[in-house]
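These notes are about the structure you will find just below.
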Amino acid sequence: MKRTIPPLLTAAALAAGCGTVSTSASSGGGEDAVTVESCGRDVTVDGVPERVVSMHPSLTELLVQLGVGDRVVAQAQDALGEPSPELAAEVDAITSISADVPPTREDLLAQSPDFVISGTEYEFSAEQGFAGYEDLEKAGAPAYVATAGCIDRRSEGAVADTFTDLENLGRIFGVEDRASELVTQAEQDLAEIEEIIGDDDPVRAVQVYVEGGKLYAIGGAVEIDVLRLGGGENLFAGDSRFDDFFAAEVNPEVVVDLQPDAFVFAVNDAAHEEQTRAYLEQTLADTPAVRNGLLVAVDNTYVQPGTLSAITGARIVAEALHG
């Protein structure tokens, strides 16, 4: 199925004020209820969720890593990235209710979820035909959004925001110890990446996304934090075209003028990577990055809000730029 919205840009409509997301907070709560904060809302979960729907494969991975993958009855947008190899069997075994766009309101509610987790708030845009917060609340399915994917934080989102999500999800699913273990391991993994970079200066880089023959530059969000952690310098830092949103379509000449030493780009699969490399090599040939072949592909799953796989993305970047 042809994707109609580039996965890196799915919150664009909301950021521009073109979508409708209900901001009603979950209410109620019995003795076993857990309340956490998500994008300015108090989300209350009564008991440990049994029928979870994950709105992106990166979130599915996080739930599997927490040891609660057996509670995920369905996932969405699973064509927007390849699962991490060590998690692929468990992730691929989960039913998909949409390939590369969020599920419709009807398809999501048909799963009878009691908890829904998403990487961004876009997936709850009622105006787009998706189930909004109010729809899910009425159905008894609290909605949680990854911290780095909240509308008011999307452009500044960081890999470490996932530590907040792990704390919250640990409480919701009653797996606090496992959540703490994952944070400790993640911190160790980040320290190893720092060792790869060592005393090297950051490599002058531009992060891009190519879709449908169009070139998008990335100026912020988790994507750029992955670049930073991997020892890259974002050449679009401070550029006003990213004041309102973390990504923007740009003319190739804008990128050529920056003369980046490296390109980092997200891909959905092997075919998308091949197409992107061909585009960069043909369109941005007059850059040191292309001349020196420093084109670094990172799976789309590795640059999403709310995933520990972003650390794998940072390692890929660090090894390519500094290894």
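Numbered by mature numbering (1 follows the signal peptide of the UniProt record, and there is no 0), the letters in the sequence shown go through residues -27 to -1, 1 to 296 in order.
Note that the Cβ used here is the ideal one computed from N, Cα and C, for glycine as well.
Residue E94 holds the alpha-carbon nearest to the alpha-carbon of A121 among G192, E94, P58. If you draw a straight line from the Cα of D272 to the Cα of G143, it is about 26 Å long. Judged by DSSP in its simplified three-state form, T8 adopts strand.
Excluding the 5 residues flanking it on each side, E55 has same chain C-beta neighbours closer than 7 Å at D242, D272, T274, in chain order. If you draw a 10 Å sphere on the C-beta of D150, you find fewer than 16 other C-beta atoms in it, and that means exposed. Between the alpha carbons of P22 and V9 lies a gap of roughly 14 Å.
The residue from T256, V148, D259 with its alpha-carbon nearest to that of G20 is V148. Residue environment: N224 is assigned as exposed (fewer than 16 neighbouring CB atoms within 10 Å of its CB, all protein chains considered). By the criterion of a C-beta distance shorter than 7 Å, L257 is surrounded in its chain by P225, V228, V229, V263, once the five residues flanking it on both sides are discounted. Inclusion of E292 and I90 in the CB contact set at 8 Å is not warranted, their separation being larger than that value. Where F146 is concerned, the enclosing alpha helix (DSSP H) starts and stops at 134 to 146. The secondary-structure analysis by DSSP pairs R14 across a beta bridge with S11.
Excluding sequence positions up to five before and after G92, its CB lies within less than 7 Å of the CB of M28, H29, S31, L32, A119, G122, Q277, P278, G279, all in the same chain and listed in chain order. With respect to the 8 Å criterion, L155 and L281 are classified as neighbours on the basis of their beta carbons.
Contact check for F219 against G193 passes: the beta carbons are separated by less than 8 Å. Within the segment 155 to 179, complete alpha helix (DSSP H) segments of at least 4 residues are not found at all. Residue ranges of uninterrupted alpha helix (DSSP H) with 4 or more members, entirely inside the segment 32 to 120 and ordered along the chain, are 61 to 65, 78 to 82, 106 to 111. Apart from sequence neighbours up to five positions away, the residues of its chain that approach T77 with a beta-carbon distance below 6 Å are G102, ordered along the chain. DSSP places E222 in the uninterrupted beta strand (DSSP E) bounded by 220 to 222. Around the beta carbon of D173, fewer than 16 other beta carbons sit within 10 angstroms, so the residue counts as exposed. The Cβ atoms of V237 and L200 lie closer than 8 Å to each other. In this chain, Y275 is not harboured by any beta strand (DSSP E), its DSSP state being neither H nor E.
If you look at E206, you'll find it in the beta strand (DSSP E) that goes 205 to 207. Selection G171, T137, I289 evaluated against Y117 yields T137 as nearest (Cα-Cα).
When rounded, the separation of the alpha-carbon atoms in L268 and R288 is 15 Å. Apart from sequence neighbours up to five positions away, the residues of its chain that approach D51 with a beta-carbon distance below 6 Å are P30, S69, ordered along the chain.
Rounded to whole angstroms, the gap between the alpha carbons of S57 and D216 is 32 Å. Distances from the CA of L188 to each of E222, T135, P115 were compared; the closest alpha carbon is that of E222. Following the DSSP letters along the chain, one finds S213 in no alpha helix (DSSP H), marked with neither H nor E. Here T157 is exposed, its C-beta having fewer than 16 other C-beta atoms within 10 Å. Taking each of F146, E167, Y252, R214 in turn and checking the Cα distance to V18, the smallest one comes out for F146. Between the alpha carbons of L39 and A62 lies a gap of roughly 16 Å.
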